[in-house]
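In full-length UniProt numbering, the protein residues as written are 1 to 141. A short write-up of the structure that comes next.
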């Protein structure tokens, strides 16, 4: 038996088929269930028909739930502990329709492949942040 998803027989092996869903979702965490279903159908080359709800159910069995991409945190945990009070205002030009979803485990929230990519020249943002810490007032950087 090979590691590829294309050479798996539907009748003989049930577990490797489920592992194939898992491999596809882990390889491409930003793919939707529709895209994963389409990829599965191309691997099987019309040997079997599979629905989106089946693919989604199999991924939920592996505890791969769909979440919004998280943004990278700019302050470290140590810096957050040092703050007594912080007031910030962010003004951003954001296209709200571009939110992407990823399949990940709950504890892998800040892994680099599940974090939203930032474009340097795209859009614009202005962030104003002031903080009071044990050393006095200052500006968050």
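Note that CB positions come from ideal geometry on N, CA and C, so glycine has one too.
Counterpart residues of residue i in DSSP-defined beta bridges
i: residue 217; result: No answer is possible for residue 217: it lies beyond the span of the chain, which begins at 1 and ends at 141.
i: residue 115; result: 70
Proximity to residue i [Cα-Cα], best of the options
i: residue 102; options: 79, 81, 64; result: 64
i: residue 67; options: 110, 81, 21, 36; result: 110
i: residue 72; options: 112, 39, 82, 58; result: 112
i: residue 62; options: 105, 39, 114, 115; result: 105
i: residue 69; options: 19, 21, 116; result: 116
i: residue 41; options: 28, 60, 21, 59; result: 21
Three-state class that DSSP yields for residue i in the structure shown
i: residue 142; result: For residue 142 there is no data in the structure shown, the boundaries of the chain being 1 and 141.
i: residue 93; result: With a pLDDT of only 49 at residue 93, under the threshold of 50, the placement of this residue in the model should not be trusted; the figure read from the coordinates follows. Three-state result, residue 93: strand.
i: residue 109; result: coil
i: residue 53; result: helix
i: residue 34; result: helix
i: residue 24; result: helix
i: residue 11; result: Here the model assigns residue 11 a pLDDT of 45, short of 50, so the residue's position is not dependable, and the following value carries that caveat. In the structure shown, residue 11 sits in coil (DSSP, three-state: anything other than H, G, I, E or B).
Supposed contact pair residue j and residue i - C-beta distance, whole angstroms, cut 8 Å
i: residue 30; j: residue 100; result: 6 Å
* Asked: Pairing CB atoms from the stretch 50 to 64 with CB atoms from the stretch 75 to 84, are three or more of them under 8 Å?
  -> Per the Cβ contact rule, the stretch 50 to 64 is not in contact with the stretch 75 to 84 (fewer than 3 Cβ pairs under 8 Å).
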